[in-house]
Amino acid sequence: MATLEDDLRAAGLELYELPEWEGRLPIRQFWIAPSFWTWFDETELLHDPKCKVGGRTLAEHIEQLFCDLRCAKRPGGGDLRRMMPATKGVWKLHPVKTRLYGWAPKSDCLAVVTGSMESETKDKSLGNVNDQKRDNVVRFIKEHNLQKHVLLGDILALFPIEKEP
62 MATLEDDLRA AGLELYELPE WEGRLPIRQF WIAPSFWTWF DETELLHDPK
112 CKVGGRTLAE HIEQLFCDLR CAKRPGGGDL RRMMPATKGV WKLHPVKTRL
162 YGWAPKSDCL AVVTGSMESE TKDKSLGNVN DQKRDNVVRF IKEHNLQKHV
212 LLGDILALFP IEKEP
């Protein structure tokens, strides 16, 4: 019987490996689709030193968010939001000046499929970019037959609060 991890790997997703500088240990899974890495590598503004915010490139902000989502006991709630309609199970991540789109295959587990620049989401000449990206995530889930691995619910379903013994 295939596990969730087997199904995600079969869809081409890879588990995010922490960079060497990250001193924390991972406490949850964070999966990334090849389509995200393509967007990440081809979007020059992410790597442009002229576009630094707070001393970091936009790519470094994304990497820091990935580390926080993988390692922090309670990731920042403002960095992650459900997209409407909530019945689709799609989440949007909000690193500095970018937007990333994915879903939660189970509690304490996220998968990212694609991204966009925040400015693109505000450019009405491009249509509704957020809806387009949400639909890309839904399409990815369907194409890889991952519908049974979509956690519905709010931030507490995704990151349950541990009860003290």
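With positions in the sequence shown counted from 1, the corresponding number in the numbering used here is that position plus 61.
Even glycine gets a Cβ: it sits at the ideal position worked out from N, Cα and C.
Since this is a predicted model, take the numbers as computed values, not measurements.
Could you tell me the distance, in whole angstroms, from the CA atom of residue i to the CA atom of residue j?
i      : j      : result
Gly214 : Ala147 : 8 Å
Glu83  : Arg117 : 15 Å
Leu219 : Lys167 : 7 Å
Gly150 : Ala133 : 22 Å
Thr175 : Trp100 : 7 Å
Gly115 : Glu223 : 33 Å
His122 : Thr64  : 32 Å
Lys113 : Asp102 : 17 Å
Leu107 : Glu78  : 19 Å
Gln193 : Glu105 : 21 Å
Ile88  : Asp129 : 10 Å
Within its chain, find whatever has a CB closer than 6 Å to the CB of residue i; leave out the 5 residues flanking it on each side and keep chain order.
i      : result
Asn191 : Thr182
Pro95  : Gly73
Identify every residue that forms a DSSP beta bridge with residue i.
i      : result
Lys153 : Arg142, Tyr162
Trp92  : Leu76, Ala172
Arg259 : As displayed, the chain neither begins before 62 nor continues past 226, which places residue 259 out of reach and without an answer.
Lys167 : Cys170
Ser177 : Arg160
Let me know the secondary structure DSSP gives residue i once reduced to three states.
i      : result
Lys134 : coil
By Cβ distance, which residues of its chain are closer than 8 Å to residue i, with the 5 residues on each side in sequence left out?
i      : result
Trp152 : Leu141, Arg142, Arg143, Met144, Tyr162, Gly163, Trp164, Ala165, Leu171, Leu219
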